[in-house]
Each structure stands twice: as C-alpha cells, then as structure tokens.
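**Q** In this text, residue positions in the sequence shown follow our numbering: the first is 132, and each later residue adds one.
Attaching a single structure in structure tokens format; questions to follow.
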Amino acid sequence: MNTMTLWHISIWEFAALAAAALLVGFSKTAVSGANTVSLAIFAAVLPARASTGVLLPLLIVGDVLAVLTYRRHAHWPTLWRLFPAVAAGVVFGTLFLVWADDGIVRTSIGAILLLMAAVTMWRRRAAQDEEPDSVSTRAGRVKARSYGVLGGFTTMVANAGGPVMSMYLLSAGFRKLGFLGTSAFFFLIVNVSKVPFSVGLGLIDWHSLLLDAALAIFVVPGALLGKWAVHRINQILFERLVIAATVVGGVQLLLR
Numbered sequence: 132m133n134t135m136t137l138w139h140i141s142i143w144e145f146a147a148l149a150a151a152a153l154l155v156g157f158s159k160t161a162v163s164g165a166n167t168v169s170l171a172i173f174a175a176v177l178p179a180r181a182s183t184g185v186l187l188p189l190l191i192v193g194d195v196l197a198v199l200t201y202r203r204h205a206h207w208p209t210l211w212r213l214f215p216a217v218a219a220g221v222v223f224g225t226l227f228l229v230w231a232d233d234g235i236v237r238t239s240i241g242a243i244l245l246l247m248a249a250v251t252m253w254r255r256r257a258a259q260d261e262e263p264d265s266v267s268t269r270a271g272r273v274k275a276r277s278y279g280v281l282g283g284f285t286t287m288v289a290n291a292g293g294p295v296m297s298m299y300l301l302s303a304g305f306r307k308l309g310f311l312g313t314s315a316f317f318f319l320i321v322n323v324s325k326v327p328f329s330v331g332l333g334l335i336d337w338h339s340l341l342l343d344a345a346l347a348i349f350v351v352p353g354a355l356l357g358k359w360a361v362h363r364i365n366q367i368l369f370e371r372l373v374i375a376a377t378v379v380g381g382v383q384l385l386l387r
C-alpha cells in the first residue's frame, strides 16, 4: 500500500469506509453481492489497487460471521465442484493484476457482472431452475467450472466474486438459506487463500491492517442486521435484491 494510512483519512472519509464495512457484514448474512457497493466506496476513498488489500480482511471477518450463522445449510458437493476452477481463476487474476491498470480492471469486472446478471435473468425466464445437485450432470459441471473460473478471477482482481457466484447459485436453484450457507463457506475458503497473493502483490501491509483493525468493528453490526433482515425477506424479493445489487455493482464499475 502507499503512504495513505488511517491517519491520512478525514473523518468523512472514515465515516464512508465505516458505512461500507457495515454493508460488508450485511451482504454476508443477507444480500450477497451487495458488497459491490462497498467495493466502489473503498475505491473512491483509497487508491483503487490499495483498496482491494484493505477490503479483503474485512470480507474475511464477514465470512467468519456468515459461516457461524449459516454453517448447517452449506451444500458441499457444489463447493467441491467449484474449488478447482476457482483456483485457476485466482491464478489468472493474479497474473492479470501484474500488468492491468485500474481502468482495465474496472471495465472487465463491470462487464462480467452485467453479463452474469443478464444470463441469469434469461435462464430464469426460459426454463425451470435446476436443483442444487445438478452439479452431478455434465452440463452442471461445465456451468460450475465456467462460473468458478470467473468467480476466482473477479474475486482476485477486485474482490467482486460475490455477484458472479450469486448468479451461479441462483441459476442452480438454491433457496435462501442454502444459498447463504454455501456462499459463506465458499468465500471464507477463497478469501483466506487470496491473502498470500495479495501480500505478494503489496496490497496488504501493516498500514492496511491498521486501517482494517479500526473498521472491523463495523462489520459485526452489519452482519447482525443482515441476520435479522434475511428472515423477513421472502424468496422472490431475496433473488431480486441479489440481481439488483449485481447490476448496480456492474454499472458502478463501468461508469467510474
């Protein structure tokens, strides 16, 4: 990270980051994909590349809280199908970050998010949703690998893998709690595995961790709010909110 630390941020900038951290917690336990708004706030307050290093530990805090909340609802066959493809996507994303500038990164991720949202809405209109165990079919395996590579790539280059995986889980027919439980374990494992890559790229250092320590406390109330809200959101509204958050995040990245 550059010389910008906690002590170089104004009170209003810190307030914006705190609100984004609260939204991270909410997204992990309620509307997955909503943290693309957090991504945009962090990139607006901090240097774009450095912001990904600050955001990653906060995402991990949110992932831990989500796993503790929804651990009984995870669908492990889906997770095992996804992980090899995600690993390939993370490696590809690391190589991409070596040479890509911020503009290319934002445009690429924004385009992918909007494409995934469009494909998901088209699939839900064209045919009945597949069951979660569809990963055992050939078509299901191809879909899991495709989304897995895209998810690994987007989560590595911009911490924006949430919307991609949200689109996959919705297209696979997951209900609300299964969706949240599966995504909770998925992102905890994936985000922890990204830490060495981010350290190697210089995106995480003691300056960024100092800022994380001050912001992490805001993730907890966001997660508690999400846990309260998710039981008051019906399935149809839940799916619409996930898709809407994905579209908003994609548009934000394209317009910045």
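Quick reminder that beta carbons are idealized off the backbone N, C-alpha and C, glycines included.
Is the segment 294–312 touching the segment 325–343 in the sense that three or more CB pairs, one from each, lie closer than 8 Å?
**A** These segments do not touch.
**Q** From A376 to G331, what distance separates their C-alpha atoms?
**A** Straight-line Cα distance between these residues: approximately 31 Å.
**Q** For the alpha helix (DSSP H) that contains I191, what are its first and last residues?
**A** Start and end: A179 to Y201.
**Q** Can you have a look at H139 and say buried or exposed, based on whether 16 or more other CB atoms are within 10 angstroms of its CB?
**A** Exposed: under 16 other Cβ atoms inside 10 Å.
**Q** Just verifying my parser: in three-state terms, what is the DSSP assignment at F305?
**A** Residue state, collapsed to three classes: coil.
**Q** To the nearest angstrom, how far is it from the Cα of Q383 to the Cα of D233?
**A** The straight-line gap from Cα to Cα measures roughly 14 Å.
**Q** Among G279, A303 and I367, which has the Cα closest to the Cα of A218?
**A** Residue G279 is the option with its Cα nearest to A218.
**Q** Mind reading off the beta-carbon distance from V350 to G184? Whole number of angstroms is fine, and I expect it under 8 Å.
**A** Rounded, the Cβ-Cβ distance is 16 Å, inconsistent with contact.
**Q** What is the residue span of the alpha helix (DSSP H) that R212 lies within?
**A** Start and end: W207 to W230.
**Q** Count the other CB atoms, across all protein chains shown, that sit within 10 Å of the CB of S163; report buried if there are 16 or more and exposed otherwise.
**A** Buried, by the Cβ-count rule.
**Q** Just confirm the distance between the C-beta atoms of A275 and R212, as a whole number of angstroms; I'd bet it's less than 8 Å.
**A** Correct: roughly 4 Å between the Cβ atoms.
**Q** Which word fits D264, buried or exposed, when buried means at least 16 other C-beta atoms lie within 10 angstroms of its C-beta?
**A** With a pLDDT of 45 at D264, under the threshold of 50, the modelled position of that residue is not reliable, and the figure given next carries that caveat. Exposed, because fewer than 16 other Cβ atoms sit within 10 Å of the Cβ of D264.
**Q** Go ahead and label A258 buried or exposed: buried means 16 or more other beta carbons lie within 10 angstroms of its beta carbon, across all protein chains shown.
**A** Because the pLDDT at A258 is just 48, under 50, the model does not fix this residue reliably, and the value given afterwards should be weighed accordingly. That one is exposed.
**Q** Once you ignore the five residues that flank T313 on each side, which residues in its own chain have a CB closer than 7 Å to its CB?
**A** Closer than 7 Å at the Cβ level, and outside the excluded window around T313, lie A205, H206, T209, L210, L300 and F305.
**Q** If you draw a straight line from the C-alpha of I142 to the C-alpha of A345, how long is it?
**A** The straight-line gap from Cα to Cα measures roughly 13 Å.
**Q** From what residue to what residue does the alpha helix (DSSP H) around L112 run?
**A** Residue 112 is absent from the structure shown; the chain starts at 132 and stops at 387.
**Q** For my contact list, T160 and L196 are in at a C-beta cut-off of 8 Å; report their separation, rounded to the angstrom.
**A** About 7 Å; that satisfies the 8 Å criterion.
**Q** Check for me: the alpha helix (DSSP H) holding I142 runs from which residue to which?
**A** I142 to T160 is the span of the alpha helix (DSSP H), which, as asked, contains I142.
**Q** Any idea if P188 is buried or exposed, counting beta-carbon neighbours within 10 angstroms, 16 or more meaning buried?
**A** With 16 or more Cβ atoms within 10 Å of its Cβ, P188 is classed as buried.
**Q** I need the straight-line Cα distance from A179 to I172, nearest angstrom please.
**A** Taking the straight line from one Cα to the other gives about 10 Å.
**Q** Pick out whichever of L334, S158 and D194 has its Cα sitting closest to the Cα of F317.
**A** The shortest C-alpha separation from F317 is found at D194.
**Q** Quick check on H338: buried or exposed, where buried means 16 or more other Cβ atoms within 10 Å of its Cβ?
**A** H338 comes out buried.
**Q** Suppose contacts are defined by Cβ-Cβ distances below 8 Å. Is V241 in contact with L385 by that definition?
**A** Residue identity check: residue 241 is Gly in the sequence provided, not Val. Taking 8 Å as the Cβ cut-off, G241 and L385 qualify as a contacting pair.
**Q** Can you give me the Cβ contacts of N166 inside the same chain, cut-off strictly under 6 Å, excluding the 5 residues immediately before and after it?
**A** Contacts found: V155, S158 and G293.
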